[in-house]
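Protein chains in written order, with this note's numbering: chain A, 620 to 915; chain B, 4 to 545.
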Amino acid sequence: MRITKLHPITYILYYVILTVFAFLFTNPYYSLSLGIFIIILIKIQGIPKGFKVAVKGFMIMGISITIINSLISYKGDTKLLHLFGNNFMTFEAIMYGIVVAFSLILMFLVFSSFNQVVSYQELLYIFSKKFPVVSLIMIMALRFVPMLSTRLEEIIKLQSFENKHLKKGFVNKIKGLANSLVTMISWALEESMITAKSMKSRGYKTAKRTSYLSYKINRIDIIFISFTIMSSILSILGLIYGNARIEFYPRIGFSFSQFPLDIYYCSFLLLLLPLIYLESKEEMVWHKIATKNHNS
Amino acid sequence: MSLVKFENFSFISPPKEILHDINLEIEEGDFVLFCGPSGSGKTTLLSHLKKELIPVGKVKGKVTFNSINIKDLDDNQSATDIGFLFQNPDNQLVTDTVIQEIAFPLENIGMPTEDIRNRIAEMTAFFGIENILYKNVNELSGGQKQLVNLCSLLVLKPKLLLLDEPTSQLDPIASYDFLTILRRLNEEFSITIMINEHSIDNIFPFVDKVVFLKDGSIKYFDDTQTTVKNAIKDDLFKFYLPDVSKVNFLLSEKYPEIKDDEIAVSIREGRKVLNKIENNLKVFPKKEKVLLTDNYPFFNNETIISSSGLYFAYAKEHIILKDIDFSLKQGEFIGIIGGNGAGKTTFIQLLSGLLKPIKGKISRKNDIKIAYLYQNPIIHFSKEKVVDELLLDDEKELSEDTKELIKFFNIEYLLNQNPYDCSGGEQQKIAIIKAMIKKPDVLILDEPTKGFDPVSKYNFAKELQNLQSNGLTIIITSHDLSFVANYCYRCIMLFDGGIQVDNYPKEIFSENNFYTTFINRLVKDYIPDGIILKDIKEKWDL
């Protein structure tokens, strides 16, 4: 449970902007700032389950993107290595690969942070206004998929117990798996008939569906959204007039000595701040309570 | 005016007549119990009161609710005024969290958010389930699931509740809690309740009226007292009475002074009857405790499975079984009892080899064949016809042995059906035959009598005993204490992940005060080790 509550639409808007920006702003100063910011944010929000594994996966993906890009893209002036024919591995292609990989990792980080603050119920709430049936199906899937997977595990356990005397072989294995799937599916179908009856008998489709959830747009949402929109517009102007985006081909238009200290970069940094502010405020409340409990 | 009325009602689902000439009137506020063998038409009868669930077939006569023909009720009224609870707690759940599930019907009828939240607040307070509102339904126990299902009907403020064997999948404590809530709803809000139920001992004290159904017709319908008195003379329905009433009848045949009194249906009433004739009743002293080793016939036999220091867990925080030592002799019939989460299923899965212990050793005799049956027999089926399920891998036709088993369990008539279309009891038998054709030495059954009616349960027990006398070793887990008391030789009570007691059922139940059979609770002060009807008949010479 959290005490900082923004309307889900506010969160969605904010995180969508961050995701898009992670991809558009290729200037390393911008992406690094975004990276630092998002890591701080995740740290405050609490590191989600399975996060480390996922980060590792994305790292490996990032490295492979870099390698593949350097092998198949031959644009760029700074030739490093002769590959074949007229094709060279270029410095620009490597750098471009690194930047793309980095923005992908950024997008993943933004998404994990989003998952921490917006529950799927809130997401579906936004969704259900426009697509009530689709959102219901998603809720049902959320219940059925884990149930089916535990069942399948149980069925496979039983099958391997019953057929342990059988010769193991590829064909037998496939046969066994097919049998397990048949059992699972017919079981699920059989039960879904009862589920359908249960839905029907509880008035499904008698009227237009409503929702038990309600979220109000508060003053804080208005302030948050206006702040976000203003700083985003300024940052986008930075894309057009400033140097938030860099060119790679034929030659990289960036050097680390050009620190982009202008209004655009400042507004980009500002864009990153409000959520950190809100989250650390929340964290402080909990920290205070925890120390109080600890002392008493 | 009656709330529900069946007039000359018949229902034919070709080629069979499921319900025949039903005439039934139920007043508002009645709590009516429907009893009868599986396939007697109980569920069909209830389904005809719920417009959305009316089965396909030919109908004669009519059914009305508040004088309106059920078929003419408008959708909204049918959804809100009449609630239907199904047998299996799992498959009637639609969504993922408790609060979403309870809100589901209200969202369906298009109620504004504010009102939905009011109704949920009110209902969850009544049920005391506020603390599980945001839980995932998959994490709940069976009893909690069924409560959530009931709650999700009650938010609609129904006038009539139809319940189709709602507690058949629950353990005794959970089912008693569930029935108690029904009783409150009936008494405090005058909600009319019609219920199909097999746990007769628990429900009889609560109901006003009882309907006995057989082959689609009503055999008896009256208030509880009258029906009980009629049913005791009936060869079939005498099985469908609470144990307390059976004892009461036996006593009133012998002692004329209570002949014309009311028949007891609850322990409290039963005790009063005993008090009245106290001077005539012989009181037996408490016996010395007997241990399993003293004269246990199986201890000379060969040990076929033994374990020492077994541990099992899925996570460090929750160790399910701790330090279990156990040995199984050939030819035993063991009942394993214990509360929910005591580790019964895990224990038998470890014995069978479905699970591996995380610590400790299990040794099984060489070449021993173990058959394991799940609580839900469906998991064992993957074919379209029962007969295909019963063929071994390389067989084209049923072998003689299989045919004999089919005859033994009396299911010849099912061979060409789809296993999914069979009733729970029939599925259980098919699964057992399927296990038996591999000629196992040990048969392990997880809750085999769940959802059985009393007569099927009796027949099933006889069949198991027959198999046992042919040398089969049987282990069952059960919540049905009376079943264990009647038919098992040895009983193991699990508690807190360990074997708490391992002894004769008689010893265990006569030691217990609460976790024991209804008969024992009734006669404890007179016959401390009387745990089944037979004991009482013998001791009091009835």
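All C-beta atoms in this analysis are idealised placements derived from N, C-alpha and C, irrespective of residue type, glycine included.
### Message
For a contact defined as C-beta to C-beta under 8 Å, what are the partners of residue 103 (chain B) on chain A?
### Response
740, 758, 831
### Query
Excluding sequence positions up to five away, which residues of its chain have a Cβ less than 8 Å from the Cβ of residue 699 (chain A)?
707, 708, 709, 710, 713
### Complete runs of the alpha helix (DSSP H) confined to the segment 263-294 of chain B [at least 4 residues]
270-279
### Query
Whole alpha helix (DSSP H) runs in the segment 185-231 of chain B with 4 or more residues, listed along the chain?
203-206
### Query
Quick one: what does DSSP say residue 320 (chain B) is sitting in, helix, strand or coil?
coil
### Close-in-space but distant-in-sequence residues of the same chain around residue 518 (chain B) (CB under 6 Å, 5 per side omitted)
none
### Message
Here's the rule I'm using: 16 or more other beta-carbon atoms within 10 Å means buried, otherwise exposed. How should residue 162 (chain B) be labelled?
### Response
buried
### Helix, strand or coil at residue 691 (chain A) according to DSSP, with G and I counted as helix
helix
### Under 7 Å by beta carbon: chain B residues contacting residue 749 (chain A)
Residues of chain B passing the Cβ test: none, with the nearest at roughly 16 Å.
### Task
Please name the residue, chosen from A:823, A:872, A:882, that lies closest to residue 155 (chain B) on a Cα-to-Cα basis.
A:823
### Task
Closer than 7 Å, Cβ to Cβ, to anything on chain B: give me those residues from the segment 759-777 of chain A, in chain order.
759, 761, 762, 765, 766, 773, 774, 776, 777
### Query
What residues in its chain sit with their C-beta under 7 Å from that of residue 325 (chain B), if we drop five residues either side in the sequence?
314, 500, 501
### Query
How should residue 905 (chain A) be labelled, buried or exposed, when 16 other C-beta atoms within 10 angstroms of its C-beta is the threshold for buried?
exposed
### Query
Which value, in whole angstroms, describes the spacing of the CA atoms of residue 889 (chain A) and residue 895 (chain A)?
11 Å
### Message
Excluding the 5 residues flanking residue 443 (chain B) on each side, which residues of the same chain have their C-beta closer than 7 Å to its C-beta?
### Response
372, 373, 374
### Task
Rank B:287, B:254, B:288, B:292 by C-alpha distance to the C-alpha of residue 275 (chain B) and give the top, closest one.
B:254
### Query
According to the neighbour-count rule (16 or more other Cβ atoms, all chains shown, within 10 Å of its Cβ), is residue 122 (chain B) buried or exposed?
buried
### Query
If contact means a Cβ-Cβ distance below 7 Å, which residues of the segment 801-815 of chain A contact chain B?
801, 802, 805, 806, 809, 810, 813, 814
### Message
Am I right that residue 721 (chain A) and residue 681 (chain A) are in contact with their C-beta atoms under 8 Å? What's the rounded C-beta distance?
### Response
7 Å
### Local Cβ density within 10 Å of residue 137 (chain B), reported as buried at 16 or more and exposed below that
exposed
### Task
Mind listing the chain E neighbours of residue 780 (chain A)? Cutoff is C-beta to C-beta under 8 Å, in chain order.
Protein chains in the displayed structure are A and B, and chain E is not among them.
### Query
Can you name the start and end residues of the alpha helix (DSSP H) that residue 366 (chain B) belongs to?
Element bounds for residue 366 (chain B): not the alpha helix (DSSP H) but the beta strand (DSSP E), 362-367.
### Candidates B:512, B:15, B:62: closest to residue 290 (chain B) by CA position
B:512
### Query
Is the segment 686-696 of chain A close to the segment 716-731 of chain A, with three or more CB pairs under 8 Å?
yes
### Short Cβ contact (8 Å threshold) for residue 844 (chain A) with residue 632 (chain A)
yes
### Task
Out of B:528, B:524, B:488, state which residue places its alpha-carbon closest to the alpha-carbon of residue 537 (chain B).
B:488
### Query
DSSP puts residue 331 (chain B) in a beta bridge; with which residues?
B:308
### Task
For chain B, find out if any of its Cβ atoms is closer than 8 Å to the Cβ of residue 612 (chain A); answer yes or no.
Here chain A covers residues 620 to 915 and nothing more, so residue 612 (chain A) does not appear.
#### Entry: Amino acids of chain B, ordered along the chain, whose beta-carbon sits closer than 7 Å to that of residue 818 (chain A)
97
#### Entry: Residue-level contact to chain A via CB, residue 464 (chain B), 8 Å cutoff
no
### Task
Identify every run of the beta strand (DSSP E) within the segment 116-197 of chain B, keeping only runs that are complete inside it and at least 3 residues long; order them along the chain.
163-167
### Message
Rounded to the nearest angstrom, what separates residue 52 (chain B) and residue 164 (chain B) at their Cα positions?
### Response
10 Å
### Residue burial classification, residue 892 (chain A) (beta-carbon count within 10 angstroms, cutoff 16)
exposed
### Message
Please report the distance separating the alpha-carbon of residue 311 (chain B) from that of residue 497 (chain B).
### Response
16 Å
#### Entry: DSSP state of residue 538 (chain B) mapped onto helix, strand, coil
helix
### Query
Just by C-beta distance, which residues in the segment 435-459 of chain B are closer than 7 Å to chain A?
none
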